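Notes to accompany the following structure.
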Amino acid sequence: MARHASLYLVARVVSGALNFAALAAYTRLLDPSAFGRYALVVAGAAIGYVTLFQWLVLSVARFRQAFLDDTESLTSAVLAGFAGVLGCSAVGLIFVLLSGTVPGDLRGLVILGACILWAQGWYELNLEFARSELEPRRYLWRSVVRSIAGVTVGITLAAAGYGATGVLLGHLLGYAAGSVPGWSRWATGFVRPPRNVLRQLLTYGLPFVATFALNYVVNGSDRLLIGALINSGQVGLYAAGYDIANNALGVVMSVVNLAGYPLVVRAFERGGSELAEPVIERNVVSLLALALPAATGLAVLAPDIAAVFLGERFQAAAAQVIPWVAFGGFFLWMKAFYADLPFHLRRATVQQAGVSLVAATTNVALNLWWIPTLGMLGAAYATFVSYVVAFVTSLLVGRRLYALAFPVGAAARIVAASGLMALAVVILPVEGALGLAVRVVIGAALYLVLIAALDVYGLRRWLVAGIQRQDATRS
């Protein structure tokens with residue numbers, strides 16, 4: 117797992133660094149209103165992706181190991197599913213454009229958003245095949261190509277005066293570039309798919325459509341509601357801070373999940389709970405050990421992060437939003453990568469939709485209540501509360517399907533180490549970009565010392581054993 121995780125880490129770090137650079141550039145090249153329009157189009161494309169394509173991507177993740185000896189059947193079924201969704205969504209787009217419900221000045225953005233949706237769906241399918249086939253190098257290549265192409269084109273066009281449209285074109289071309297390598301893998305898919313394989317994908321994946329749609333209500337409806345209840349400028353201010361916190365935390369936690377989830381599925385397929393339980397426990401310790409200090413650091417350093425990475429017009433709002441999104445995102449990603457495992461392993465997608473309904477209802481109700489009175493900060497509060505509700509509900513419902521292992525002792529030690537790290541970082545009397553870098557380095561070093569001293573993940577025993585081996589060799 118460590119070897120795979122290191123390659124996924126490179127992919128995520130490179131992509132994350134480029135996305136941070138892009139965000140810093142966009143908030144300086146675009147005004148809040150233009151950035152808000154860009155954020156709304158991306159949010160709309162994300163709604164389309166999670167409701168139309170993500171079920172298919174998740175089906176690949178779940179069934180690739182089961183079809184190692186019959187690649188053609190799975191590939192053809194996935195290709196048929198993608199073609200069907202693409203065709204239906206294209207017809208829907210044409211109908212919407214012909215109906216006259218889209219104002220003329222927004223038609224171009226709607227069409228561009230649809231193209232981004234289709235390109236993202238195809239890219240994510242290719243990426244998931246690489247991950248589920250335990251090919252982290254292929255995953256790394258696709259991720260880096262997409263990020264470099266998308267960010268380069270987006271910044272270039274934004275600097276040339278194309279505004280939100282230029283940034284969106286960068287997104288589109290990035291997904292297209294990341295999908296080009298490996299077209300040959302689909303050569304075996306242009307055959308009639310076996311009905312039983314297609315049925316398995318549909319039976320497992322389609323119930324996720326409702327789940328994903330409801331999850332997006334929790335994750336992304338805040339931007340749409342801010343746009344509807346206030347204006348696109350406030351969307352831009354909110355989205356900048358939200359994206360910094362959520363993307364940074366997502367990079368950290370996705371590294372563990374990208375390497376660990378296929379191993380969990382493989383262990384469960386081969387030996388059921390007995391083999392899967394130790395793998396799950398290692399994963400959750402890794403998630404906690406990386407995510408909790410990251411969320412804590414984002415929260416306590418929010419003003420410095422906003423000042424360094426964002427344009428001046430976005431900084432004050434982002435400093436308020438980042439802490440709530442950071443801790444809320446911690447619960448969101450823990451739900452997705454840990455609490456939701458029983459639903460995936462037991463193929464209980466209908467029950468998972470019920471969990472998402474509770475979280476979505478909470479989120480919309482709180483947003484409608486708090487945005488009119490508290491502004492965009494009300495959306496940040498609603499995000500935090502609804503993510504906590506989603507995590508707790510998923511744990512409670514999931515236990516009926518599969519009792520997940522949870523290392524209480526290791527979790528308590530990680531909480532203690534994160535708290536001490538935060539205290540040390542806050543009292544450091546340094547400011548600016550250099551000050552932020554110093555705080556991050558010192559905080560990370562202190563945290564590593566603390567988790568080693570507290571023997572999280574057996575680090576202290578590993579270090580002591582290594583020292584003893586060296587002493588034995590010298591003697």
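Position in the sequence shown counted from 1, then plus 116, gives you our numbering.
Yeah, the Cβ is synthetic: ideal placement off N, Cα and C, and Gly gets one too.
Keep in mind the model is a prediction, meaning the values are calculated, not measured.
Between residue i and residue j, what straight-line distance do the alpha-carbon atoms span, to the nearest angstrom?
| i | j | result |
| --- | --- | --- |
| ILE583 | SER402 | With a pLDDT of 49 at ILE583, under the threshold of 50, the predicted position of this residue should be treated as unreliable, though the coordinate-derived value follows. Rounded to whole angstroms, ILE583 to SER402 spans 24 Å at the Cα level. |
| GLY366 | ARG462 | 25 Å |
| LEU228 | ILE271 | 17 Å |
| ALA415 | GLU547 | 16 Å |
| VAL580 | LEU570 | Residue placement at VAL580 is poorly supported in this model, since its pLDDT is 49, which falls under 50; the coordinates still yield a value, given next. For VAL580 and LEU570, the distance between alpha carbons rounds to 13 Å. |
| ALA127 | GLY216 | 43 Å |
| ASP147 | GLY224 | 20 Å |
| ARG144 | VAL226 | 25 Å |
| TYR377 | VAL565 | 28 Å |
| GLY491 | TYR354 | 10 Å |
| GLY208 | LEU417 | 45 Å |
| LEU536 | ALA568 | 14 Å |
| THR268 | ALA275 | 11 Å |
| ALA434 | ALA495 | 13 Å |
| ARG386 | HIS460 | 15 Å |
| VAL474 | TYR239 | 31 Å |
| ASN242 | ASN373 | 17 Å |
| GLY516 | LEU222 | For the sequence presented, residue 516 should be read as Arg rather than Gly. Going by the C-alpha atoms only, they are around 47 Å apart. |
| ALA375 | ASN135 | 22 Å |
| HIS287 | LEU562 | 38 Å |
| THR478 | ARG308 | 44 Å |
| GLY164 | LEU544 | 45 Å |
| THR201 | GLY321 | According to the sequence displayed, residue 201 carries Val and not Thr. Distance between the alpha carbons of VAL201 and GLY321 is about 13 Å. |
| SER337 | VAL480 | 8 Å |
Under DSSP, the alpha helix (DSSP H) around residue i begins and ends at which residues?
| i | result |
| --- | --- |
| ASP147 | Unbroken run through ASP147: none, as it is neither H nor E. |
| LEU461 | 457 to 461 |
| GLY550 | Rather than Gly, the amino acid found at residue 550 in this sequence is Leu. Element bounds for LEU550: 548 to 569. |
| VAL572 | Careful: VAL572 lies outside any alpha helix (DSSP H) and carries neither H nor E. |
| ALA528 | 524 to 543 |
DSSP three-state call for residue i: helix, strand or coil?
| i | result |
| --- | --- |
| PRO378 | helix |
| GLU428 | helix |
| TYR518 | coil |
| PRO309 | coil |
| ALA464 | coil |
| HIS504 | It is worth fixing the name first, because residue 504 is Val in this sequence and not His. The answer is helix: DSSP assigns VAL504 an H, G or I state. |
| PRO114 | The shown model of the chain, from 117 to 591, leaves out residue 114, and the question about it has no answer. |
| GLY164 | helix |
| VAL325 | helix |
| ILE583 | With a pLDDT of 49 at ILE583, under the threshold of 50, the modelled position of this residue cannot be trusted; read the value that follows with caution. ILE583: helix per DSSP, three-state reduction. |
| VAL296 | coil |
| PHE136 | helix |
| ILE346 | coil |
| ALA330 | The sequence shown places Leu at residue 330, rather than the Ala named in the question. LEU330 falls in the helix class under three-state DSSP. |
| GLY277 | helix |
| GLY491 | coil |
| LEU417 | coil |
At the 7 Å Cβ level, is residue i part of the contact set with chain C, yes or no?
| i | result |
| --- | --- |
| GLU188 | In the displayed structure, chain C is absent; only one protein chain is listed. |
For this session: Let me know the alpha helix (DSSP H) ranges lying completely inside the segment 169 to 229, each 4 residues or longer, listed in chain order.
Result: 170 to 179, 187 to 215
Open item on the list: If contact is defined by three or more beta carbon pairs under 8 Å, each pair taking one atom from either stretch, is the segment 486 to 505 in contact with the segment 441 to 448?
Closed with: yes
Take every Cβ of the segment 133 to 153, pair it with every Cβ of the segment 347 to 355, and state whether three or more of those distances are shorter than 8 Å.
yes
Contact the segment 189 to 206 vs the segment 169 to 181: 3+ CB pairs below 8 Å = yes
Query raised in the report: Is there contact between the segment 468 to 475 and the segment 311 to 326, where contact requires at least three CB pairs shorter than 8 Å?
Result: yes
Q) Touch check for the segment 522 to 540 and the segment 399 to 414: three-plus C-beta pairs under 8 Å? A) yes
Report task. Decide if the segment 387 to 398 is in contact with the segment 515 to 523; the criterion is three or more beta carbon pairs, one per stretch, under 8 Å apart. Result -> yes
Next item on the list: Could you say if the segment 284 to 299 and the segment 234 to 241 meet the contact criterion of at least three C-beta pairs nearer than 8 Å?
Entry: yes
Can at least three beta-carbon pairs, one atom from the segment 544 to 561 and one from the segment 502 to 519, be found at a separation below 8 Å? no
| request: Kindly confirm or deny that the segment 333 to 345 and the segment 133 to 140 touch, where touching means at least three C-beta pairs closer than 8 Å. | output: no
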